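Number of protein chains: 2
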Amino acid sequence: MTLNHTHDPAARSWLESANAEGSDFPIQNLPFGVFRRRGTNEAFRGGVAIGDQVIDLAAVARAGAVSGLAAQAASAAAQPALNELLAMGPAAWSALRHALFDALQAGATGPGVDALRASLVPQSAVEHTVPTRIGDYTDFYTSIHHARNVGRVIRPDNPLTPNFQWIPIAYHGRASSVVISGTPFHRPKGQAMAPGAQAPVYGPCRRLDYELEMGFYVGPGNALGQPIPIGEAEQHIFGMCLLNDWSARDHQFWEMDPLGPFLGKNFCTTVSPWIVTMEALAPYRVPFAHPADEPQPLPYLDSPANSAQGGVDVQLEVVLQSAKHRAQGHGGDRLSATSFSHQYWTIAQMLTQHTNNGCNLQPGDLLGTGTISGPTYEEAGAIVELSLGGTQQIPLPATGETRTFLEDGDTVVLRGWCEKPGAARIGFGESRGEVLPAVGGA
Amino acid sequence: MTLNHTHDPAARSWLESANAEGSDFPIQNLPFGVFRRRGTNEAFRGGVAIGDQVIDLAAVARAGAVSGLAAQAASAAAQPALNELLAMGPAAWSALRHALFDALQAGATGPGVDALRASLVPQSAVEHTVPTRIGDYTDFYTSIHHARNVGRVIRPDNPLTPNFQWIPIAYHGRASSVVISGTPFHRPKGQAMAPGAQAPVYGPCRRLDYELEMGFYVGPGNALGQPIPIGEAEQHIFGMCLLNDWSARDHQFWEMDPLGPFLGKNFCTTVSPWIVTMEALAPYRVPFAHPADEPQPLPYLDSPANSAQGGVDVQLEVVLQSAKHRAQGHGGDRLSATSFSHQYWTIAQMLTQHTNNGCNLQPGDLLGTGTISGPTYEEAGAIVELSLGGTQQIPLPATGETRTFLEDGDTVVLRGWCEKPGAARIGFGESRGEVLPAVGGA
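As you go down the protein sequences, you meet chains H and P in turn. Numbering of the first sequence is given in full-length UniProt numbering, commencing with residue 1 and proceeding in unit increments. Numbering of the second sequence is given in full-length UniProt numbering, commencing with residue 1 and proceeding in unit increments.
Below you can see the structure in the form of structure tokens.
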């Protein structure tokens, strides 16, 4: 995707909060979500973040604040889920972005600008829901560093399975338990087999983990039996979010041979409220290549555009805020930080792989990237990696506590942003979730 | 569930085709599906099979042919998907069954009977669609005979994984590619690694298989975080169908370590049109027990009712009709036959296991049982078992052909029925699907 005037780092908005240093939501971002005023019974509807406000797309559509294809897109987004908007495809997404950008720019005037201004709702006054009706949720496994780190815990002799460097590996996850940031969940119960035990025990998870991931939402999608070629894959990706694939490691490792993770994962998956569009991410695309001495992608997973700019350089961090942090008014300790650019497969390759057998993707489907771990220890995207399988205590300097796995009352916060010289900084907001005690106790 | 007058094997209908010897749909069955007149643009709506006819539940609701809770249930079923009906729970399901039974009985008269008679549409004139909007589709793995047969192909030393006898194992499947019986599909392409090869090859599947399964549909379901105890599980199961979990074995075996089956399965799953309700199946419930020298279910998977009548004795068969069979006007050769009563875990145990960590099930969700193979070779539910991993030719006596895996033009038909002395025979109809050549050829 080529850059255009909506990426101009010098652009400013008449909304002052959008111009604040370090804001996640400057005029160059314009991410989409679904919201309503908190504490009301209003219908959820699409919105776009700008500074500390939300543009109400239902109000924009009613007021006729934008016109043409942008107006059609705003009407499609005025629903309780963004599926209709996502089905419209890149031309409509871009038309709406450009219309909003133009109306938000410093100096813009006219009835459309007034109507847009009248639609604003403070972000502090809204609540969000999952932004699409997710037909199917798929989770990939595309960080070679994560695969090696976890593989060492499960299979010390052979941490990386032979298919990893050939296939963007994935499994189907649970759509019904995808929740919006801020939703707490109960520590899951389940079966675990202790080392050397004769029989498994059913009880609360003892090795509760998070996974730092990104998610991406499907646009138009494909009919059953009709694969999406790699060259067309990005036309079917609306945008990206933060995703926490909470994991019960004791349950997962006991259940997953031979059919993969199931109850160890499907109790909760948390997504961030805002979807940052692929157009907003255009300045942060980076070249992609497998190391020359490793297998190269098969032709159906390879394209010049994918090599030239298949990657996305998103900075990511994981923060743990314990109950003690909260009691002290402290935001929590950072556990790790990395970049999405280290991933072994691109999002285009993931989408094409998913359809290469004819499997149909539908508008609003959610695909997760798998845990994002960078090449060094400090960049690990899950606590099982940081604690070396639970054998090492991880310090939380601000409270003096330590962790091997998550404890009740812990909140895990994922954050993501893009910044570099010559481009506007844009952010993803955050994905946040608190661990509540198991239902019915131990 | 106790038996009542709707199970009386002596009951007869004024609709003669319902009384025919060997009919799948006598007055004691009354399975639910979604249909419209074939070749029209009519809205799909709920229907009930009786003899060679379909009761149009939208017409029944409009005409007020039934009353009270049964009328509410008929209205809920008058939609293009049965989700609303399934959400109502067993009292509503039973009220509608009983009202239809009473109006269909030989000798029944009155305006309701006339309205019901006027609603009938010949089964030969209708087409079906998947009967619910499936939020999530889960597939279990609960035949110990299948697990051992397939395990011998993959892991000769240790065919059964240690968790099999403790956990009803499952994985998430793909909801978007569940299709209705009669829908053909293209042979999938994908990656496969030949034995001894240095690199995988992308191409049409060379080891295409079917899997004989049953499916069951979720009723009211549970909120996230709130497991369904085993004693309540069957209140959340509406009924059962036939399910074919088509499998690309070469793709599956290359991709599935460590995260399980994905593209090897998600290109197509075929369900039969009719859902036979748990009330209709009541005469065919059978005791359930693990062998005394094998692990017994953990307490959360155990209940007196589950032991007394957790099983369901459904007779099942698989028929392969090749293009040559069709050209000869032959229905095909039977590949195997078995009973669902051999399964190692019950449907109540599967449902409770699925929610034991708090995972939420929603009305209309589909759960598959996994391949159903009985204890002998002749009872194997997949061709990879019958052909011993593709090493043995399976004869098709009627045409003189042989098979190791499925060929283009092959149609696989699953059938199921229940019969025993002292109870009415009831049937599931069939699940049928034809393999088309790969898109774009080899």
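A virtual CB, placed ideally from N, CA and C, is assigned to each residue, including glycine. Just so it is clear, the structure is predicted and the values come from calculations on it, not from any experiment.
Identity of the residue in the options nearest residue i by Cα
| i | options | result |
| --- | --- | --- |
| residue 355/H | 162/P, 263/P, 398/P | 263/P |
| residue 266/P | 253/P, 336/P, 188/P, 333/P | 188/P |
| residue 184/H | 269/H, 313/H, 298/H | 269/H |
| residue 420/P | 156/P, 315/P, 326/P | 315/P |
| residue 218/H | 437/H, 387/H, 86/H, 8/H | 86/H |
| residue 409/P | 427/P, 382/P, 325/P | 325/P |
| residue 80/H | 279/H, 295/H, 127/H | 127/H |
| residue 309/P | 48/P, 288/P, 323/P, 295/P | 288/P |
| residue 448/P | 368/P, 116/P, 279/P | Chain P is shown only over 1 to 442; residue 448/P falls outside these bounds and no answer can be derived. |
| residue 320/P | 300/P, 381/P, 348/P | 381/P |
| residue 437/P | 427/P, 358/P, 186/P, 425/P | 186/P |
| residue 258/P | 426/H, 163/H, 29/H, 435/H | 163/H |
| residue 341/P | 92/P, 248/P, 371/P | 371/P |
| residue 133/H | 34/H, 330/H, 252/H | 34/H |
| residue 90/P | 433/P, 236/P, 159/P | 236/P |
| residue 99/P | 151/P, 73/P, 343/P, 148/P | 73/P |
| residue 147/H | 385/H, 435/H, 39/H | 385/H |
| residue 190/P | 199/H, 160/H, 227/H | 227/H |
| residue 358/P | 229/P, 15/P, 160/P | 229/P |
Opposing strand residues paired with residue i [DSSP bridges]
| i | result |
| --- | --- |
| residue 137/P | 366/P |
| residue 170/H | 140/H |
| residue 32/P | 48/P, 275/P |
| residue 191/H | 202/H |
| residue 311/P | 286/P |
| residue 337/H | 317/H |
| residue 209/P | 247/P |
Status (buried if at least 16 other CB within 10 Å, exposed otherwise) for residue i
| i | result |
| --- | --- |
| residue 124/P | exposed |
| residue 118/H | exposed |
| residue 297/H | buried |
| residue 194/P | exposed |
| residue 250/H | buried |
| residue 155/H | exposed |
| residue 411/H | buried |
| residue 3/P | exposed |
| residue 378/H | exposed |
| residue 109/H | exposed |
| residue 26/H | buried |
| residue 415/P | buried |
| residue 393/P | exposed |
| residue 293/H | exposed |
| residue 6/P | buried |
| residue 199/P | exposed |
| residue 391/H | exposed |
Nearest-angstrom beta carbon gap, residue j and residue i [assumed within contact, 8 Å]
| i | j | result |
| --- | --- | --- |
| residue 245/H | residue 405/H | So it is not a contact: roughly 15 Å between Cβ atoms. |
| residue 178/H | residue 121/H | With a Cβ gap of about 24 Å, residue 178/H and residue 121/H do not count as contacting. |
| residue 260/P | residue 260/H | 2 Å |
| residue 430/P | residue 242/P | 7 Å |
| residue 66/P | residue 60/P | 6 Å |
| residue 336/P | residue 396/P | At roughly 13 Å, the Cβ-Cβ gap does not stay under 8 Å, so residue 336/P and residue 396/P are not in contact. |
| residue 221/P | residue 360/P | 7 Å |
| residue 171/H | residue 136/H | Rounded, the Cβ-Cβ distance is 12 Å, inconsistent with contact. |
| residue 443/P | residue 30/P | Missing from the structure shown is residue 443/P; chain P here goes from 1 to 442 and no further. |
| residue 224/P | residue 318/P | Incorrect: roughly 38 Å between the Cβ atoms, too far for contact. |
| residue 283/P | residue 166/P | That belief does not hold up - the Cβ atoms of residue 283/P and residue 166/P are roughly 31 Å apart, past 8 Å. |
Residue i beta carbon near the ligand SAH (any heavy atom closer than 7 Å)
| i | result |
| --- | --- |
| residue 314/P | What this structure holds is no ligand at all, so the ligand SAH is not there to describe. |
Min CB distance residue i to chain A below 8 Å
| i | result |
| --- | --- |
| residue 267/H | Chain labels in this structure do not include chain A; the protein chains are H and P. |
Q) Going along the region 193-209 of chain P in order, which residues come within less than 9 Å of chain H, judged by CB to CB distance? A) 193, 199, 200, 201, 202, 205
Q: Could you please tell me which residues of the region 341-366 of chain P, in chain order, have their CB closer than 8 Å to any CB of chain H?
A: 353, 354, 356, 357, 358, 359, 360, 361, 362, 365
Q: Closer than 7 Å, Cβ to Cβ, to anything on chain H: give me those residues from the region 152-173 of chain P, in chain order.
A: The residues in question are 161, 163, 166, 167, 169, 170, 171, 172, 173.
Q | Under 8 Å (Cβ pairs) to chain P, residues found in the region 238-263 of chain H | A | 248, 251, 254, 255, 256, 257, 258, 259, 260, 261, 262, 263
Q. Taking Cβ-Cβ distances below 7 Å as the criterion, which residues of the region 276-289 of chain H are in contact with chain P?
A. none
**Q.** Residues in the region 175-186 of chain P having any Cβ partner in chain H nearer than 8 Å
**A.** 175, 176, 177, 179, 185, 186
Q | Residues from the UniProt domain "Fumarylacetoacetase N-terminal" (28-131) of chain P in contact with chain H, defined by Cβ distance under 9 Å | A | none
Q.
Taking beta-carbon pairs under 9 Å, can you tell me which members of the region 222-236 of chain P lie near chain H?
A. 224, 225, 226, 227
Q) At a Cβ cut of 9 Å, what residues of the region 294-309 of chain H count as close to chain P, listed as they run along the chain? A) 295, 298, 299, 300, 301
Q: Below 8 Å between beta carbons is the criterion; list the residues of the region 410-432 of chain H that meet it against any residue of chain P, in chain order.
A: When C-beta distances to chain P are compared with 8 Å, every residue of the region 410-432 of chain H stays at or above that value.
Q) Of all the residues that make up the region 134-153 of chain P, which are near chain H by a beta-carbon distance shorter than 7 Å? A) 135, 136, 141
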